[in-house]
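Down below is the structure, laid out as structure tokens.
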Amino acid sequence: AVRGGRPVPGPRDAVVVVDPIGSGRELVLRLSEAGLKVVRVLSGELNPAAEAAAGVPRRALVTSRCVDATLNHKGNFTDDAINLTHLPYDVTAVFPGAYTGVAIAEGLAVELGLPTNPAREDRRYHSRMLDTLRRAGVRTPRQCGCASWDEVGAFVRSLRMSHFRLVLKPDAKAAALDAPGVALCTSMQQAMDGFSAFRERDAGAAVCVQEYLPGADFFVDVVSCGGEHKCVALWVQAPRFVGAEEAAVPPALRLLETRTGEAEEALLELAVDALKALGVAYGPSQVQLRAALEGEDYGAAARSAMVVDVTCAFHGGGADIHHAAKLGVGYSQISACVDLALAHGAGLEAFPTPFTLLPSRPIRLHRHAAEVDGARSPEPKPRPKPEPTPKPSVERRPKPRSHPSPNPKGAHAQAHGRGGGQHARAERAARAAELRERGPGRAVAGRVLRLRGG
């Protein structure tokens, strides 16, 4: 059904969200707001211990009261699909609620016969991903998947760096909340320590070693359906250095808008080429690019940008990042995916829907919006307080006493229309003179006045 130009969900239409946390929580809330049922599937990675280790705030979690049903993934997609069909709902779409649920979401969608991306190993490992992109003609930084320190040393020598800067990260893309992140090394000793730390955590895993690119980071948020890719937001974040090292607290992540739009077009073209090379055809994804040139000339930076990572999940950051996108663009990854789910439920994939009517990229920002990191910079040293200046002594004179009213009774009588008052006394005198002329014993206002004299 369609009402007001928008699909209306049926009473049984439901969406499966795997591991909803952070941005996934915002997706759950917006799906429920649109009238869709929400089924939560848990991979087992979401537990209090992992959430505490990853520093996940309570406001980013989804409780059972936020969803209509909850299932636990047991490792078999067929069994999970059977359990979903036993629920009193018609599942119309499956989305990952976090990067821990990407593989499970794709497996469930295949079992349910719903749109998804084909499972590919090169989307699970950084080194394989970048090799695939390089073979497809997409610009990528030089990198190597290293299983030993000797391989790292050989790769470092091949770079011939004038200033030592090297990027290390686990080769396998994160599949746990508390997975280690990216390490920026400015010396060979730091690189050795970082490599040892990664290997101690997982002895059999390789480490992806990349050349460092000094320019700005660009993030392209995309939602795809049937191989059609819609850029819903494009962000920029310039690196900040403290001495020779990149600052631990990154600057604001803000929406990108240039005067000519050439930078946006160049970045979007590179991002779409990367998505096509990796077989991404459905759902949310984010392409991270980094410029090889420093400076704030974003046109030149975009022409030198290289693809660093592709993730088939929502832009992280929770509700804040999507709220900023809606303020600046008018829509976000989450609102676009809600429109997709509504269109699937109404069977309107072949007709114009709010998703198909979106432009290929935002043409003009309604507002300039940014997400600022919550970390605080070092507190400035307090300035010494000046010594207080002594106040001049002032001789205080005693206040004069206030005297009571000289005629409180007259004041009370005047307030009630009789008694004291100059005008009242004049009226009484005039009235008495009039009574004297008329003679004694005249009744006035219900009283008999006895006047002296003849």
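Using the numbering used here, the letters of the sequence shown correspond one by one to residues 271 to 724.
Even for Gly, the Cβ is constructed at its ideal location relative to N, Cα and C.
Computed from a predicted model, the values in this text were never measured in an experiment.
Report task. Evaluate Val287 with the Cβ neighbour count: other Cβ atoms within 10 Å of its Cβ, from every protein chain shown; 16 or more gives buried, anything less gives exposed. Result -> buried
Query raised in the report: Taking the DSSP output, what are the residues bridged to Val422?
Result: None; Val422 has no bridge partner.
Report task. Please report how far the alpha carbon of Ala639 lies from the alpha carbon of Asn353, in whole angstroms. Result -> 42 Å
Query raised in the report: Going by the beta-carbon positions, is the gap between Phe625 and Asp609 smaller than 8 Å?
Result: yes
Query raised in the report: Lys596 to Arg393, Cα distance in whole Å?
Result: 29 Å
Query - Rounded Cβ spacing between Val580 and Met399 (contact assumed at less than 8 Å) - result: 6 Å
Query raised in the report: With C-beta atoms as the reference, is Ser605 less than 8 Å away from Arg300?
Result: yes
Query raised in the report: Can you list, in chain order, the stretches of the beta strand (DSSP E) that have 3 or more residues and sit fully within the segment 319-389?
Result: 339-342 and 360-366
Requested in this report: Measure the alpha-carbon distance for Leu429 versus Arg310 and round it to whole angstroms.
Outcome: 46 Å
**Report entry** Contacts around Ala503, its chain only, beta-carbon distance under 6 Å, and the 5 residues preceding and following it disregarded
**Finding:** Asp491, Ala595 and Val599
Query raised in the report: Going straight from the alpha carbon of Leu540 to that of Gly367, what length do you get?
Result: 26 Å
Query raised in the report: In the segment 539-563, which residue ranges form an unbroken alpha helix (DSSP H) of at least 4 residues, counting only runs that do not cross its ends?
Result: none
Query - Own chain partners of Thr362 with C-beta closer than 6 Å, once the 5 adjacent residues on each side are dropped - result: Asp283, Ala611, His614 and Gly615
Requested in this report: Decide if Leu627 is buried, meaning its Cβ has at least 16 other Cβ atoms within 10 Å, or exposed.
Outcome: exposed
Requested in this report: In angstroms with no decimal places, state the Cα-to-Cα distance between Leu537 and Gly407.
Outcome: 15 Å
**Report entry** Inter-stretch contact (C-beta, 8 Å, three-pair minimum) for the segment 431-442 and the segment 470-481
**Finding:** yes
Query raised in the report: How is Ala284 classed by DSSP in three states: helix, strand or coil?
Result: strand
Query raised in the report: Who pairs with Tyr395 in a beta bridge, going by DSSP?
Result: Ala442
Query raised in the report: Which residues bound the alpha helix (DSSP H) around Ala764?
Result: Outside the displayed span of the chain (271 to 724) sits residue 764, for which this structure offers no information.
Requested in this report: Grab the span of the alpha helix (DSSP H) containing Phe468 for me, first residue to last.
Outcome: Met458 to Arg471
Query raised in the report: Are the Cβ atoms of Tyr568 and Val506 separated by less than 8 Å?
Result: yes
Query raised in the report: Just how far apart, CA to CA, sit Glu498 and Glu376?
Result: 18 Å
**Report entry** Beta bridge counterpart(s) of His499 as assigned by DSSP
**Finding:** Ser494
**Report entry** Limits of the unbroken alpha helix (DSSP H) element including Ala570
**Finding:** Tyr568 to Ser574
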